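Okay, structure first, notes after.
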Amino acid sequence: MIEIRGVWKEFAKGERRVMALQDIDLDVAQREFVAILGPSGCGKSTLLNMVAGFDHPTRGSVKVEGEEIVHPSPRRCVVFQEPALFPWLTVMDNVVFGPKTRGQPAAEYRSRAAQIIEQVGLRGFEASYPAELSGGMRQRVGIARVLIMEPRVLLMDEPFGSLDAQTRSLMQELLLELWQRHQQTVLFITHDIEEALLLADRVCVMTARPGRIKKSIRVPMPRPRSIDLTLSPEFNALRREVLDLIREESVRAAMETERA
Amino acid sequence: MLKRLPAPWLLVLPALLVALWHFAVELHWVTEGIIPSPAQVMRSWHTWIFGSSTAMLSPYSGTWVDNVAYSSRRVLQGFGLAALVAIPLGLVIGWSRLAARLVDPTIQLLRPVPITAWLPFAIAVFGIYDASALFLIGLGAFYPIVVNTTHGVRDTNLLLLRAARMLGAGNGTVLAKVVFPSALPSIFTGLRLGIGIAWTAVIVAEMIAVKSGLGYVLWDAYYVGRMDICVATMFSVGLLGFVSDRLIVWAGRILLRWRALEAHG
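Written out as structure tokens, the structure is:
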């Protein structure tokens, strides 16, 4: 489904050239939920941007369904950390922005939008503007406007990173439920170990800059999952393992920053 | 937050200024016969607007509405023309690097030339006609609108552009449905600055380049020593400028309802 082969990414930072990603290989199967976990600044968002088509690798190739990625496309939709809603549009108009832009008949997308708004728990807020919503509700709109496109790949760039803990766990449960229903291929970027293990089939741990994939860990817990899973001993054993991997990288990243 | 002052307080400073003016004239602090008193100005203004039954042969009697109409029409036409050209041009300059390279340096080079400096040129090219006035008004209003529109476009949030692209929007849709609404607050700032300059330009143009309107009356009254009419004209222009600015702010409030929500949130 997603094939990332030998991807390198270099940025020019003033005079210096910074290596953001180094030799990334990653395959994501159809309907697989893969989380990319890494310390901040490890280039994980850069990787996601390449799959989205917002950015291009310096070397290597990124393919989805066998096709090299050139432009952004509704088949690969992103839920951003900042919800990035159109502030001048109501919830309903934000959700139907995609279908409307693509010239679909209103009669068809209106009913689908109502259904999806219901699924993300925003019924009654169709006519509200983003500024009138809480952070969690805005992110629900961000998810709804992407789900309505029925993308082949769902890309999530730390979507719950700026929410408070309470809201975050609610949103994680919502996402599990939606994923169960829509069965998309998901690439989920996060720096939260628990979140990655709770949601994903597989967690790829990245190294500090330059970002490489240090280890790919399968999460064998059965689905459907709920937040209670995080209390089980198997889950905690996995968390321990990932924590050790991450800690090494965080220490390295901190030392790098001090040296720079 | 400061507490809002009750309405009567807003009138304290204007009342003091008028009182100062009144006593300056009454107590002969200023040269007699040159500066009219507030009461005198109000009387002349009244006659200028409504005419006079005592039929004092004043050339200004009852001509206020006509002159206001002349000036307002010129401002409206010049300003409208400026907005019609400047908003699309600003969108293009802000959007396309090529357009910016082609057009922006010329605009930045011409912009420091004061509108008054264009007067001889305008009269030479367009003559003592309306076209001269419209040219000056339009040119004056054009700069702030184009500059602010460009700025607004460049300020568009990158994530919103990405979101629109991934939802399937092409260049035209992105420009119309994302860049334009996102630049609208800036565009309104440009329009407000533009209407202010339009009123300045209309007075300058009418003083020299045409033979009607408030600017013409102002200069004419000065020549025949009617300082009372001069002052009444100043107040008239101030009032019209204020009203037109309020109209733009009001239109902006309606179009930018979502922004008010953001400010309160």
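These protein sequences, in sequence, are chains Z and F. Here the first sequence stands for residues 22 to 281, where the numbers follow the numbering used here. Here the second sequence stands for residues -5 to 259, where the numbers follow the numbering used here. Ideal placement from N, C-alpha and C gives every residue a C-beta, glycine not left out. Since this is a predicted model, take the numbers as computed values, not measurements.
{"Query": "Which listed residue (Val147/F, Ala63/F, Leu103/F) has its alpha carbon closest to that of Tyr210/F", "Result": "Ala63/F"}
{"Query": "Partner residues on chain Z for Trp89/F, Cβ-Cβ distance less than 9 Å", "Result": "None at all; the shortest Cβ gap to chain Z is about 17 Å."}
{"Query": "Nearest-angstrom Cβ-Cβ length linking Cys225/Z and Leu175/Z, presumed shorter than 8 Å", "Result": "No, Cys225/Z and Leu175/Z are not in contact; Cβ-Cβ is about 16 Å, not under 8 Å."}
{"Query": "Cβ shell of Pro93/Z (< 7 Å), same chain only, five flanking positions each side left out", "Result": "Ala73, Gly74, Phe75"}
{"Query": "Test: Ala177/F CB closer than 8 Å to a CB of chain Z", "Result": "no"}
{"Query": "Chain-ordered neighbours of Arg131/Z on chain F, where CB pairs are closer than 8 Å", "Result": "In chain order: nothing, as chain F lies at least about 17 Å away."}
{"Query": "Euclidean distance between Cα positions of Ala33/Z and Gly72/F", "Result": "47 Å"}
{"Query": "His145/F versus Val35/F - alpha carbon distance", "Result": "43 Å"}
{"Query": "Cross-chain neighbours of Val99/Z in chain F, by beta carbon under 8 Å", "Result": "Arg156, Ala157, Met160"}
{"Query": "Straight-line gap, Leu69/Z to Leu47/Z (C-alpha atoms, nearest Å)", "Result": "12 Å"}
{"Query": "CB contact check: Ala245/F to chain Z, cutoff 8 Å", "Result": "no"}
{"Query": "Classification of Gln193/Z by the beta-carbon crowding that lies within 10 angstroms, buried from 16 upward", "Result": "buried"}
{"Query": "DSSP three-state assignment for Asp214/F, whether helix, strand or coil", "Result": "helix"}
{"Query": "Where the segment 24 to 40 of chain F meets chain Z: residues whose CB sits under 8 Å from a CB there", "Result": "none"}
{"Query": "Contact set between Val172/F and chain Z, taken where Cβ atoms lie within less than 8 Å", "Result": "Phe107"}
{"Query": "Residues bridged to Gly10/Z [DSSP beta-bridge criterion]", "Result": "No answer is possible for residue 10/Z: it lies beyond the span of chain Z, which begins at 22 and ends at 281."}
{"Query": "Strand pairing of Met22/Z, partner residues [DSSP]", "Result": "Paired residues: none, contrary to the question."}
{"Query": "Within chain F, partners of Phe118/Z - CB distance below 7 Å", "Result": "Leu161"}
{"Query": "Under 8 Å between C-beta atoms of Val116/Z and Ile137/Z", "Result": "yes"}
{"Query": "Cys224/F: first and last residue of the uninterrupted alpha helix (DSSP H) it sits in", "Result": "221 to 249"}
{"Query": "Residue burial classification, Glu20/F (beta-carbon count within 10 angstroms, cutoff 16)", "Result": "exposed"}
{"Query": "Touching by the beta-carbon criterion (3+ pairs, under 8 Å), the segment 150 to 167 of chain F and the segment 226 to 233 of chain F", "Result": "no"}
{"Query": "Cβ of Arg291/Z within 8 Å of any chain F Cβ", "Result": "Residue coverage of chain Z in this structure runs from 22 to 281, which leaves residue 291/Z outside it and unanswerable."}
{"Query": "Listed by chain order, chain Z residues near Leu334/F by CB distance under 8 Å", "Result": "Residue 334/F is absent from the model: chain F starts at -5 and stops at 259."}
{"Query": "CB contact check: Met276/Z to chain F, cutoff 8 Å", "Result": "no"}
{"Query": "Contact list for the segment 57 to 84 of chain Z against chain F, Cβ threshold 7 Å", "Result": "Ala73, Phe75"}
{"Query": "Alpha helix (DSSP H) segment containing Phe115/F, residue limits", "Result": "113 to 120"}
{"Query": "Straight-line gap, Gly246/F to Cys224/F (C-alpha atoms, nearest Å)", "Result": "33 Å"}
{"Query": "Sufficient close CB pairs (3 or more, under 8 Å) joining the segment 176 to 191 of chain F to the segment 132 to 146 of chain Z", "Result": "no"}
{"Query": "Entirely enclosed beta strand (DSSP E) segments - the segment 16 to 86 of chain F, minimum 3 residues", "Result": "none"}
{"Query": "Outcome for Leu11/F when other beta-carbon atoms lying within 10 angstroms are tallied against a minimum of 16", "Result": "exposed"}
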